[in-house]
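Remarks on the structure that follows.
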Amino acid sequence: MTTPYQQPGAPFGTYTSPIPVRRAHLGDALASEWTKIRSVRATVWTLGVMVLLMLGVGLGVAAIVSNANVDTEGEPALGMGFFGVLLGSICVMTLGVLTIASEYGTGMIRTTLTACPSRGRVLAAKAIVFFLLVFTLTTAIAAFVAVVQTGMVEAPDATGAQWLRATVGIGLFVALLGLLALAVGSLIRHSAGAITIMIGLMLFPLVAAMFMMSESLQDLQQALLEYSIPSQLIAIYSESGVSESAPAGWEPVWIMLGVTAVALGAAFAVLNTRDV
Amino acid sequence: MIELEGLTKRFGTKVAVDHLSFQVRPGVVTGFLGPNGAGKSTTMRMMLDLDNPTSGRVRIDGKHYRDLEEPLKYIGALLEAKAMHGGRSAYNNLLCLAQSNRIPERRVAEVLDTVGLTSVARKKSKGFSLGMAQRLGIASALLGDPEILMFDEPVNGLDPEGIHWIRNLMKALAAEGRTIFVSSHLMSEMALTADHLIVIGQGRLLADTSMADFIQRNSRSFVRLRSPQQERLRDLLHEHGYQAVESGNGTLEIDGATTESLGELAARHQLVLHELSAQRASLEEAFMQMTAGAVEYHAHGTDVHPGTDSGPRWGDQAPRWGTTSQGK
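Sequence lines, in order, name chains H and D.
For the first sequence, this note's numbering gives the first residue as 67, with consecutive numbering after it.
For the second sequence, this note's numbering gives the first residue as 20, with consecutive numbering after it.
Right, dumping it as structure tokens:
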């Protein structure tokens, strides 16, 4: 005991930090989350594989169609980007889950929330950084692939609206899908569990619809086909949906926006009240 | 200054923390002691607003933790050594924390230097030994140069040099006027670092006292005697009103006597002594005695603590005794 013990009521020795106190805000949380997302391998792996899939599959499909002289039946070449985007979106979902669930896995979440007790700010910063990163990258790669595909394949020219949907629309849809994964990751707090749920969400409706052959289930089968994630992606590329009643054009993006907003709202509410 | 008021946490029917009220004062090292599962970590998590109390509250300089704008500049906490992303470098793990609280980036290099991790700053923290991870956790606590520091079991996994370092660090930080709150289940460690002691068992407050008082009150002093003529020695002691307790191996323990008086007594009666020594019961023993009292089903064989008849007993009701009420 080198320091004298102070009896209660004795004047407090107080320490004042020389570090200037400046109020932290969302911008600081964004800087923090940007440091986090750029400093882990998971980001490089998932987004790197996504880029490779979009380029490889997208350009591969274009090369096959071009060599085989397949008739695109009046559709512009943009729709060929679908296959690469569908596979790439699995990578995005994985990164979305890991962005928050890995903090629970490592215990980092306790350090994060001790540093920033405003849990809404933490979740918002994660969501914004992740969304902007994925949106920018997906839109850029989708645009590049679309330009190359259009150059390779003989098909009718796409309209300006189609170009916008095949680039910005796809970027928005994939980034929102990733945000949905982030919300699920926040709710589940377990990487493997949340990734499995997201992949199930993507594949289950189509697989289930295949087995719904009875009359009574026809409406449900129709809905599952129309609203499954792959069908929604196809719908963004084309003028009409997979069927008459299915969402088409920008509608899948708005639907995904609604679903993601609800999931993020739930994630926020739960994060705010739960013990960490 | 941290104030806890009736802090309670229930997990289902189990009460982890039971109406805990105490204050952590600035300028001293306050030790937070309790056996495993006593509720120390749960209490610390509630202090940092990670767990929600079932009832009661914690105030830090009068505020709720969530109302602190840049908490790292008020409180630095080390909860678990490995509460970092292993795939990220030590530097980046600290950088993202600094950024969220607007702490200048140069502090990252400064605290890494303080804890001696500069040479591995760019290495992934996954590959760190427990001792290095502990140092990284301490660096994160020091990042905002805060006035309050909380360490949960900081010496875990540290080598003797590291333990020595953290002890001196805590004392130096307290001497600067900071509030230091450190948990441990090792009484011996606390005796070396803490000025004030808060002991809990089964989530209840058992003691809130100064370390000096605790030592005074709890370390029983006695004289140990060993003689080949034990029977005669016993009779002699009895005649002179000493209570001798046999403690195995043919040794006798006598409370309330001095080595001088017993040595002279033996000499007068020409008894051969093989041992005559002054002893103090360890604080560890006192701590175990205290916390064992909070565990109802603890097996108590012989009373190894005869000196506390008039002192406080630690039963289920766990009386709160401290410097203000019963201190000297």
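Built from N, CA and C at the ideal position, the CB exists for glycine as well.
These numbers were taken from a predicted model, which means no experiment stands behind them.
I'd like the span of the alpha helix (DSSP H) that includes residue i, first residue to last.
| i | result |
| --- | --- |
| Glu348 (chain D) | Residue 348 (chain D) is absent from the model: chain D starts at 20 and stops at 347. |
| Thr310 (chain D) | 302 to 311 |
| Lys28 (chain D) | That residue, Lys28 (chain D), is in no alpha helix (DSSP H); its beta strand (DSSP E) goes 21 to 30. |
| Thr172 (chain H) | 148 to 172 |
| Val123 (chain H) | 107 to 134 |
| Thr204 (chain H) | 185 to 218 |
| Thr339 (chain H) | 317 to 339 |
Using the three-state DSSP reduction, which class does residue i fall into: helix, strand or coil?
| i | result |
| --- | --- |
| Ser296 (chain D) | strand |
| Gln42 (chain D) | strand |
| Glu56 (chain D) | According to the sequence provided, residue 56 (chain D) is Gly. The question's Glu does not apply to it. Note: Gly56 (chain D) maps to coil in three-state DSSP. |
| His288 (chain D) | coil |
| Ser119 (chain D) | helix |
| Phe241 (chain D) | strand |
| Glu279 (chain D) | helix |
| His257 (chain D) | helix |
| Ser144 (chain D) | helix |
| Thr212 (chain D) | helix |
| Gln336 (chain D) | In this predicted model, Gln336 (chain D) has a pLDDT of only 39, less than 50, meaning its place in the structure is not dependable enough to derive any value. |
| Gly176 (chain D) | coil |
| Gly320 (chain D) | With a pLDDT of only 49 at Gly320 (chain D), under the threshold of 50, the placement of this residue in the model should not be trusted, and no figure is reported. |
| Ser159 (chain D) | helix |
| Glu139 (chain H) | coil |
| Thr309 (chain H) | Looking at the sequence shown, residue 309 (chain H) is not Thr but Ser. Coil. |
| Arg197 (chain D) | coil |
| Lys82 (chain D) | strand |
| Ala224 (chain H) | coil |
| Thr180 (chain H) | helix |
| Glu265 (chain D) | strand |
| Ala102 (chain D) | coil |
| Val139 (chain D) | helix |
| Gly181 (chain D) | helix |
| Ser207 (chain D) | helix |
| Ile234 (chain D) | helix |
| Ala191 (chain D) | helix |
| Arg76 (chain D) | strand |
| Ala35 (chain D) | strand |
| Thr49 (chain D) | strand |
| Ser83 (chain H) | coil |
| Ser246 (chain D) | coil |
| Ser304 (chain H) | coil |
Beta strand (DSSP E) containing residue i: first to last residue?
| i | result |
| --- | --- |
| His91 (chain H) | Premise fails: His91 (chain H) is in no beta strand (DSSP E) and is neither H nor E. |
| Gly145 (chain H) | Taken as a continuous stretch (DSSP letters only), Gly145 (chain H) belongs to no beta strand (DSSP E), as it is neither H nor E. |
| Glu272 (chain D) | 270 to 274 |
| Gly95 (chain D) | 94 to 97 |
| Arg126 (chain D) | Counting along the chain, Arg126 (chain D) falls outside any beta strand (DSSP E), though it belongs to the alpha helix (DSSP H) covering 125 to 133. |
| Leu225 (chain D) | 223 to 229 |
Tell me, to the nearest whole angstrom, how far the beta carbon of residue i is from that of residue j; I am working on the premise that it is less than 8 angstroms.
| i | j | result |
| --- | --- | --- |
| Ile261 (chain H) | Met120 (chain H) | Not confirmed; about 20 angstroms, so no contact. |
| Leu295 (chain D) | Thr278 (chain D) | 6 angstroms |
| Leu144 (chain H) | Ala212 (chain H) | 5 angstroms |
| Ala349 (chain H) | Leu161 (chain H) | The requested residue 349 (chain H) is not part of the displayed model; chain H covers only 67 to 342. |
| Ser168 (chain H) | His104 (chain D) | 7 angstroms |
| Leu91 (chain D) | Ala109 (chain D) | 17 angstroms between Cβ atoms; not a contact. |
| Arg176 (chain H) | Leu69 (chain D) | 6 angstroms |
Legend entry - In chain order, each alpha helix (DSSP H) run of at least 4 residues that lies wholly inside the region 227 to 302 of chain H: 236 to 254, 257 to 277, 284 to 293
Legend entry - Contact residues within the region 101 to 116 of chain H, judged by C-beta distance below 8 angstroms to chain D: Thr101, Lys102, Ser105, Val106, Arg107, Ala108
Inset, instruction - Check each residue of the region 253 to 266 of chain H: if its Cβ is closer than 8 angstroms to any Cβ of chain D, include it; give the result in chain order. - result: none
Legend entry - Residues in the region 224 to 240 of chain D having any Cβ partner in chain H nearer than 7 angstroms: Ser229, Met230, Ala231
Inset, instruction - Using a Cβ-Cβ cut-off of less than 7 angstroms, give me the residues of the region 79 to 101 of chain D that come near chain H, in sequence order. - result: Tyr84, Arg85, Leu87, Glu88, Glu89, Pro90, Leu91, Lys92, Ala96, Leu98, Glu99, Lys101
Legend entry - chain H contacts from the region 150 to 180 of chain D (Cβ-Cβ distance under 7 angstroms): Ser159, Gly163, Asp164, Pro165, Glu166
Inset, instruction - May I ask you to list, following chain order, the residues of the region 289 to 321 of chain H that have a beta carbon less than 7 angstroms from some beta carbon of chain D? - result: none
Legend entry - Residues, ordered as in the chain, of the region 172 to 186 of chain H that lie near chain D by beta-carbon distance below 9 angstroms: Thr172, Gly173, Met174, Ile175, Arg176, Thr177, Thr178, Leu179, Thr180, Ala181, Cys182, Pro183, Ser184, Arg185
Legend entry - Near-chain H residues of the region 60 to 74 of chain D - C-beta to any C-beta below 8 angstroms: Arg64, Leu67, Asp68, Leu69, Asp70, Asn71
Inset, instruction - Using a Cβ-Cβ cut-off of less than 9 angstroms, give me the residues of the region 113 to 130 of chain D that come near chain H, in sequence order. - result: Leu114, Cys115, Leu116, Ala117, Gln118, Ser119, Asn120, Arg121, Ile122, Pro123, Arg126
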